[in-house]
Amino acid sequence: MRYMSTRGHADRKQFCEILLEGLAPDGGLYLPESYPQISAIDLAKLRGVWNTQGYAALAFEVLSLYIDDIPAQDLRELCLKTYTKDCFGTSEIVPIKALKTDAAPGAEVSLEALSNGPTLAFKDMAMQLLGNLFEYELARRNAELNILGATSGDTGSAAEYAMRGKKGVRVFMTSPLGRMSPFQQAQMFSLLDENIHNIAIEGVFDDCQDIVKAVSNDLEFKRKYKIGTVNSINWARLLAQVVYYFAGYFQATHNDSQKVSFCVPSGNFGNVCAGHVARMMGLPIDQLVVATNENDVLDEFFRTGVYRVRGTADTHETSSPSMDISKASNFERFVFDLLQRDASQTKNLFHDQLNQKGQFDLGSNPLFANAKSKFGFASGKSTHTDRLKTIQETYANNHIMIDTHTADGLKVAVPLAKPGIPMLVLETALPIKFAATLVEALGKEPDRPPKFEGIEALPKRVMVLPQSAAAVKEYIASHCN
Ligand SMILES: *Cc1c(COP(=O)(O)O)cnc(C)c1O
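For what it's worth, the numbering used here labels the leading residue of the sequence shown as 8, then goes sequentially.
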């Protein structure tokens, strides 16, 4: 298996070469040269693996279609070490649960639980594997990596919990001082591992991102201190997410002639892009529904063909903050496939047109119709009012609490669910992470998993730094040796 850039660079790379990289050299994103195809026989075999051996073994089977530069036995062990009941709370790892909703008669809507990992958001599903892959590959190369990131909550904590105690890796995670929820702050700052560095910046999230960019653009510093990232464009993260589309399918169906649909609360388009990959491999997926909040860049595209990135001023701060994006960093991967893998056209859209005009319009391109008809995409948008109502109704009808992002997904999914085709809404976080909105909706605090009792009172380790790339560089330099 070789990987190529969406912008046409001539290089072809192996999995472990792109594992520790971000963008391709031409600014594009990596994708496999072609998607491995799952035949009816393969699908039956995978269902058997799921039924008899469970999630970790299924993960190994799916990943090994894309990874041929890690010996099979090692890859299997990495999967077994990652996807344990201990880490993800249940032996199914991603159990599904049917809901009572207002969907059409005969249409069944379920939640697929992806948020029972260490930080209670779906990002653990990929990040935990990434931590083990990084440790493995760095040891093989006898190398080190210093991960520098910016977070407003979910990504940073998932990265820290995945990398804590890992050999060869340090994490330097910037976050805006005092802006994360108390629970999120407690989760991150209570990590006392030597290789984890929390840096609270006196500024907002964008200031943190600007600092990360500035440090990464200093190529000499970047090389000297082996700076890397773990953002959602990383192919290994996306690949790890493909597995739970298979696991959801096997749980929701009895035989391989059935189809399912997925609805995915979306921001950077990483999660739903993994669904697109699963569908391209031949997993029988009917619809892939993209749910957005008030930041509806993606819903607008699927409705109109116009992809219009927003400025900071036009990006709303919402009660589903992990979906508050101005542009969707993985979206280029899908557009590349939509354009029949025309790299020069992809480059023209994402490099030239976005830089010049901040938008492009595929509405009049005949291929745009394929987004729906051939690739199965649908979309919808949810607002704060919808979110509160969905949380209230779900609690009233099912007596379970869902988080704000999952509520956006459920709101969008219900009217699109079709009789006879199970609709799986991906549960992307647990409500305790977004307690204030749950209290607003239900008048009470969300349930807290026992292992998180009292975390706000634990000792904290965080360095407060001014809004300055130089200060962050100095901190990194003095903590790498
Ligand atoms: C990251 C995140 C999302 C968005 O996922 P993308 O892969 O960026 O589309 C949705 N919900 C929650 C809770 C998240 O943490």
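Ideal Cβ positions, reconstructed from N, Cα and C, are used throughout, including at glycine. Computed from a prediction, not measured in an experiment: that's the story for all the values here.
The beta strand (DSSP E) enclosing residue i, as first and last residue numbers
i: Thr-299; result: 292-299
i: Ile-25; result: That residue, Ile-25, is in no beta strand (DSSP E); its alpha helix (DSSP H) goes 22-26.
i: Tyr-10; result: 10-12
i: Asn-490; result: Beyond the ends of the chain as shown, which are 8 and 488, falls residue 490; an answer cannot be given.
i: Arg-186; result: Run containing Arg-186: none; DSSP gives neither H nor E here.
i: Tyr-366; result: The identity of residue 366 in the sequence shown is Gln, whereas the question assumes Tyr. 366-368 is the span of the beta strand (DSSP E), which, as asked, contains Gln-366.
i: Ile-154; result: 152-157
i: Cys-487; result: Taken as a continuous stretch (DSSP letters only), Cys-487 belongs to no beta strand (DSSP E), as it is neither H nor E.
i: Lys-434; result: Note that residue 434 is Glu in the sequence shown, not Lys. It spans 430-434 - the beta strand (DSSP E) in which Glu-434 sits, taken as one unbroken run.
i: Ser-4; result: The structure shown does not extend to residue 4, since the chain spans only 8 to 488, so no value can be given for it.
i: Lys-388; result: 384-388
Beta-carbon proximity list for residue i, same chain, < 6 Å, skipping 5 on both sides
i: Val-211; result: Pro-183
i: Gln-21; result: Asp-76
i: Thr-325; result: Asn-300, Glu-301, Asp-331
i: Gly-160; result: Met-187, Gln-191
i: Leu-417; result: Thr-397, Val-432
Burial state of residue i, where buried means 16 or more other Cβ atoms lie within 10 Å
i: Ile-483; result: buried
i: Val-249; result: buried
i: Arg-286; result: buried
i: Ala-47; result: exposed
i: Thr-411; result: buried
i: Gln-363; result: exposed
i: Asp-321; result: exposed
i: Gln-135; result: buried
i: Pro-32; result: exposed
i: Lys-379; result: exposed
i: Arg-19; result: exposed
i: Asp-93; result: exposed
i: Ser-239; result: buried
i: Pro-112; result: exposed
i: Gln-347; result: exposed
i: Asn-488; result: exposed
i: Glu-119; result: buried
i: Lys-174; result: exposed
i: Thr-311; result: exposed
i: Gln-80; result: exposed
i: Glu-142; result: buried
Unbroken alpha helix (DSSP H) run spanning residue i, endpoints
i: Phe-67; result: 62-71
i: Thr-397; result: 391-405
i: Ala-79; result: 79-89
i: Leu-445; result: 442-449
i: Met-408; result: Taken as a continuous stretch (DSSP letters only), Met-408 belongs to no alpha helix (DSSP H), as it is neither H nor E.
i: Ala-105; result: No alpha helix (DSSP H) contains Ala-105, which is instead part of the beta strand (DSSP E) from 103-106.
i: Arg-286; result: 277-288
i: Phe-269; result: Careful: Phe-269 lies outside any alpha helix (DSSP H), inside the beta strand (DSSP E) at 267-272.
Residue i versus residue j - alpha carbon distance
i: Tyr-10; j: Leu-245; result: 14 Å
i: Ala-207; j: Glu-301; result: 27 Å
i: Gly-255; j: Glu-99; result: 10 Å
i: Gly-156; j: Phe-228; result: 15 Å
i: Asp-454; j: Ser-386; result: 30 Å
i: Ala-221; j: Ser-485; result: 18 Å
i: Val-237; j: Ala-281; result: 16 Å
i: Asp-368; j: Val-313; result: 4 Å
i: Leu-305; j: Gly-61; result: 34 Å
i: Gly-383; j: Leu-295; result: 6 Å
i: Ala-146; j: Asn-139; result: 11 Å
i: Ser-1; j: Leu-465; result: Outside the displayed range of the chain (8 to 488) lies residue 1, so it cannot be described from this structure.
i: His-391; j: Glu-460; result: 28 Å
i: Ala-63; j: Leu-423; result: 32 Å
i: His-16; j: Glu-447; result: 50 Å
i: Asn-372; j: Leu-36; result: 23 Å
Nearest-angstrom Cβ-Cβ length linking residue i and residue j, presumed shorter than 8 Å
i: Asn-153; j: Phe-179; result: 6 Å
i: Thr-413; j: Pro-272; result: 6 Å
i: Gly-172; j: Asp-200; result: 5 Å
i: Ile-45; j: Trp-242; result: That belief does not hold up - the Cβ atoms of Ile-45 and Trp-242 are roughly 19 Å apart, past 8 Å.
i: Phe-190; j: Phe-276; result: The pair is not a contact, with the Cβ atoms about 26 Å apart (cut-off 8 Å).
i: Phe-67; j: Leu-82; result: 6 Å
i: Cys-5; j: Glu-144; result: Summary: the structure shown does not reach residue 5, with the chain confined to residues 8 through 488, and so no result is reported for it.
i: Asp-263; j: Arg-54; result: 7 Å
Close beta carbons around residue i, own chain, < 7 Å, minus the five adjacent residues each side
i: Pro-473; result: Glu-209
i: Leu-121; result: Val-101, Phe-129, Met-132, Tyr-251, Leu-433, Glu-434, Thr-435
i: Leu-72; result: Pro-43
i: Pro-39; result: Met-8, Tyr-10, Tyr-73
i: Ala-166; result: Met-134, Ile-154, Gly-156, Val-178, Met-180, Val-237
i: Asn-123; result: Phe-95, Gly-96, Thr-97
i: Ala-476; result: Ile-218, Ala-221, Val-222
Contact set for residue i: own chain, Cβ-Cβ below 8 Å, skip 5 residues either direction
i: Met-408; result: Ile-398, Thr-401, Tyr-402, Pro-438, Leu-445, Leu-449, Pro-453, Asp-454
i: Ser-117; result: Ile-103, Lys-104, Ala-105, Leu-106, Ala-259, Pro-429, Met-430, Leu-431, Val-432
i: Val-267; result: Gly-255, Tyr-256, Ala-259, Thr-260, Pro-291, Ile-292, Asp-293, Ile-428, Pro-429, Met-430, Leu-431
i: Leu-85; result: Ile-77, Leu-136, Asn-139, Leu-140, Tyr-143
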